[in-house]
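Engineer: Let me give you the structure first, and then I'll get to my questions.
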Amino acid sequence: MAQEMKKEPETDPEIIREEEVEPQGVKPSAENDNSKNNDQFTLLDESISNVAHHRPSNNRNDEITVEPELYAEEPRYFTHREGPKARRPVFREELDENTILNAVIADEAYIDTADLAQRVLYELKQYSIPQTLFADKILCRSQGTLSDLLRNPRPWNEMKSGKETYRRMFNWLQQPLHIRLSILNLYDITGVSPSALQPLLPPEQKRKILPSSQGLSNTPCSSYTPSPSKKQRFLFTERQKSTLNTIFNTYPRVSKDLQDKIAQKLGLDSNTVANFFMNARRRQKIQQQARGRAEYETEYLTEEYEDEPVDVTEISNA
DNA sequence: TACAAGTCAATAGG
DNA sequence: CCTATTGACTTGTA
Numbered sequence: 120m121a122q123e124m125k126k127e128p129e130t131d132p133e134i135i136r137e138e139e140v141e142p143q144g145v146k147p148s149a150e151n152d153n154s155k156n157n158d159q160f161t162l163l164d165e166s167i168s169n170v171a172h173h174r175p176s177n178n179r180n181d182e183i184t185v186e187p188e189l190y191a192e193e194p195r196y197f198t199h200r201e202g203p204k205a206r207r208p209v210f211r212e213e214l215d216e217n218t219i220l221n222a223v224i225a226d227e228a229y230i231d232t233a234d235l236a237q238r239v240l241y242e243l244k245q246y247s248i249p250q251t252l253f254a255d256k257i258l259c260r261s262q263g264t265l266s267d268l269l270r271n272p273r274p275w276n277e278m279k280s281g282k283e284t285y286r287r288m289f290n291w292l293q294q295p296l297h298i299r300l301s302i303l304n305l306y307d308i309t310g311v312s313p314s315a316l317q318p319l320l321p322p323e324q325k326r327k328i329l330p331s332s333q334g335l336s337n338t339p340c341s342s343y344t345p346s347p348s349k350k351q352r353f354l355f356t357e358r359q360k361s362t363l364n365t366i367f368n369t370y371p372r373v374s375k376d377l378q379d380k381i382a383q384k385l386g387l388d389s390n391t392v393a394n395f396f397m398n399a400r401r402r403q404k405i406q407q408q409a410r411g412r413a414e415y416e417t418e419y420l421t422e423e424y425e426d427e428p429v430d431v432t433e434i435s436n437a
C-alpha cells in the first residue's frame, strides 16, 4: 500500500524541462521490478500498441491481449546533457491543434481500459496530479466520474459514447512528459500561448448549461454556472438499504408493480426505488465484468508465458 | 415509457 | 486537500 515512489510535484519547471523527469518503467501492479531494459526509444505507434491494437473481437473474453511488461518508457525528445542550455521544445504545432486529446483513434482500435486505467493512476500518483485537475483539464469530467472510471474500467467493446473519455486518457498518455504536464498547466512551455494549451472542449453537452453569457476563459469545462443551491443527497437508512440489497440479490429486476410496493413498504419514493435497482444492476454488471477480466488474466496470462521466446533447443532435443 | 449507459456532484472517508 | 461512493439526472434507444 505504501507509495514510496513519488516525485516532488513542486519541482522547478526549469528542472523538469532540462532534466526531463521520467517515469521509469511503469508497472503499477508489479512494483516496477521489471528489470528489462526499457531504455530504448519508443515510437508513438509502439506505445499505442501497448494498450490499443486493432481488430479486436467482440468476444468479451478476447479483451486481454496486452503484454503486461510493456509499461512505459517515455520517448526522449531531448535530454539534459545535450548542451549548456536545454533546447526549446519543438511541439508548438502539435499544441496548436485542438486535436491532441481529441484525436480519433481508428474505429477498429481497441483500448485495454483496465491497463490504461492502471497507467493513468500511476501517472497521477507519480506527478502528484490530483484527480480533480486531470478530470477537468483532460477529460472535462468530474472527479468522481474519473475515480469511478479508473477504479472500475469499462470493457472497451461494450462502450458507446463512453469510449471518448478513455480515448482522452489514452491520448494524454501518448504525449511526451512535458506536454502531458503542460496541458495540466503544471509545466509552462515558454513560447506557447496559453490558449493553445486549452484546446479541450466538453466532448458532449454538459448538464445544466445555463444560458449565461459569461465567458470563462480559463477552465474550458466550466462553461456553466454551478447551481447556487446545493441539493442535499438523499441517503437510504440502513434498513432501507439492506432490504433493497436483499431483494436485489434475489431479484435483480423487479416489476414496476413490485417496485412500487417495496417503495411503500420502506417509505421511499417510487423513483428512488427504481433508481436503486437501475444503479445496482449497472454497477453489479461492471464489477462482474472486471472480475471476469481478472480471472481471465490469472488463468491465461501466467508469468511464465509472457512473450518469452519458445525454447527451441528444448523442443529440438526432445 | 422503460431501461441502459454516462455522468454529475454531494458527501463519506482518509 | 484527496479520493471513493453513490442517488439521481441526462441522453440515446427501442
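Okay, so the first sequence: first residue is 120 according to this note's numbering, each after it adds one.
Where a beta carbon is used, it is the ideal one built from N, C-alpha and C, also for glycine.
No experiment lies behind these values; they were computed from the predicted model shown.
1) Spell out a yes or no on whether the region 352-370 and the region 388-400 are touching, meaning 3 or more CB-CB pairs, one atom from each, closer than 8 Å.
2) Just to confirm my understanding: we take L363, look at its own chain, exclude 5 residues before and 5 after, and list those with CB closer than 6 Å. What are they?
3) Taking 8 Å as the threshold, find out whether the region 403-421 comes into contact with the region 262-273 through three or more Cβ pairs.
4) Comparing alpha-carbon positions, which option in D376, C259 and S266 lies nearest Q237?
5) Rounding to the nearest angstrom, what Cα-Cα distance links W291 and R412 in this structure?
6) Whole alpha helix (DSSP H) runs in the region 243-312 with 4 or more residues, listed along the chain?
7) Looking at C-alpha atoms only, which residue of F253, Y419, L268 and M288 is the closest neighbour of N304?
8) I248 and Y285 - do their beta-carbons sit closer together than 7 Å?
9) In whole angstroms, what is the alpha-carbon distance linking V239 and K360?
10) If distances are taken between C-alpha atoms only, which option among L387, R401 and F289 comes closest to R372?
11) Given a cut-off of 7 Å on the beta-carbon distance, is the pair R287 and L258 in contact?
12) Let me know the secondary structure DSSP gives Y370 once reduced to three states.
13) When you compare each of Q378, A399 and K384 to N390 by their alpha carbons, which one comes out closest?
Structural biologist: Straight from the coordinates:
1) Contact holds between the region 352-370 and the region 388-400, because three or more Cβ pairs, one in each stretch, are under 8 Å apart.
2) Same-chain partners within the cutoff: F395.
3) The answer is yes - the region 262-273 touches the region 403-421, with three or more Cβ pairs under 8 Å.
4) The option with the nearest alpha carbon to Q237 is S266.
5) Each residue's alpha carbon lies about 25 Å from the other.
6) Qualifying alpha helix (DSSP H) stretches, in chain order: 250-253, 262-270, 282-293 and 296-302.
7) The shortest Cα separation from N304 among F253, Y419, L268 and M288 belongs to F253.
8) No.
9) One C-alpha to the other measures close to 33 Å.
10) R372 has its Cα closest to that of R401, out of L387, R401 and F289.
11) Closer than 7 Å, so yes.
12) Annotated three-state conformation of Y370 is coil, per DSSP.
13) Comparing Cα positions, the closest option is Q378.
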